[in-house]
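A.B. asks: Quick one: the structure is below, and I'll ask about it shortly.
Right, here's the structure in full:
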């Protein structure tokens, strides 16, 4: 079971999640993996197609295409709390995917800058930035009760833990 979470602005200046946002995060990951593979192959070709260095090519491509997402994880008896730094990303740029044993944060944004001189475009620039972070959890959570807040570039996820497994006594009939 998997739950997609969309993050929406609230009226109190904070941002809260809204369930569900229709998004196929697996398609996003597939496209991202293909883009990294293409870029890594470009580095391979630049090296003359020589064997060795494939891992370095992949990591270099990944670092160019994905923004680092620093996180902080804390735990209480009832919840895990994750704080992820996502400066410059708005609620419409982020998707959170909650599964029983993991959480994934994916963000993508584009910026466009244009300068015009009269009716003619003098300068135009488009830049894109993407982030992706998957966190495997040591204990199962309840994906339907995950909450997310975005405040001042920090995404706070509260992940309620699932009930621990229950041992059932077997009785003779």
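In UniProt numbering, the protein residues as written are 1 to 173.
Quick reminder that beta carbons are idealized off the backbone N, C-alpha and C, glycines included.
Among the residues of its own chain, which have a CB less than 7 Å from the CB of residue 39, if the five just before and after it don't count?
C.D. replies: 61, 64, 65, listed in sequence order.
A.B. asks: Let me know if residue 174 comes out buried or exposed under the rule of 16 or more other beta-carbons within 10 Å of its beta-carbon.
C.D. replies: Since the first residue shown for the chain is 1 and the last is 173, residue 174 is missing from the structure and cannot be characterised.
A.B. asks: Taking the alpha-carbon positions, what's the residue 104 to residue 44 distance?
C.D. replies: Straight-line Cα distance between these residues: approximately 29 Å.
A.B. asks: Is residue 173 a contact residue of the ligand COA, with contact defined as CB to any heavy atom under 7 Å?
C.D. replies: This structure lacks the ligand COA; in fact it carries no ligand of any kind.
A.B. asks: Closer than 7 Å by C-beta to residue 171: which residues in its own chain qualify, once you throw out the five before and the five after it? Chain order, please.
C.D. replies: Excluding positions up to five away in sequence, the list is empty.
A.B. asks: I'd like to confirm the pairing. Which residues does DSSP put opposite residue 158 in its beta bridges?
C.D. replies: Residue 158 is bridged to 81, 147.
A.B. asks: Can you name, in chain order, every residue of its own chain whose Cβ lies under 6 Å from the Cβ of residue 156, other than the five neighbours on each side?
C.D. replies: Within the same chain, residue 156 has close Cβ partners 83, 149.
A.B. asks: Going by beta carbon distance, what residues of the same chain come within less than 7 Å of residue 93, once the five residues before and after it are set aside?
C.D. replies: Result list for residue 93: 107, 108, 109, in chain order.
A.B. asks: Report all residues from its chain with a CB closer than 7 Å to the CB of residue 14; omit the five preceding and five following residues, and keep chain order.
C.D. replies: The pLDDT assigned to residue 14 is 42, lower than 50, so where the model puts this residue is not dependable, and the model offers no usable value.
A.B. asks: Residues bridged to residue 36 by DSSP?
C.D. replies: Looking at the DSSP assignment, residue 36 forms no beta bridge with any residue, so it has no partner.
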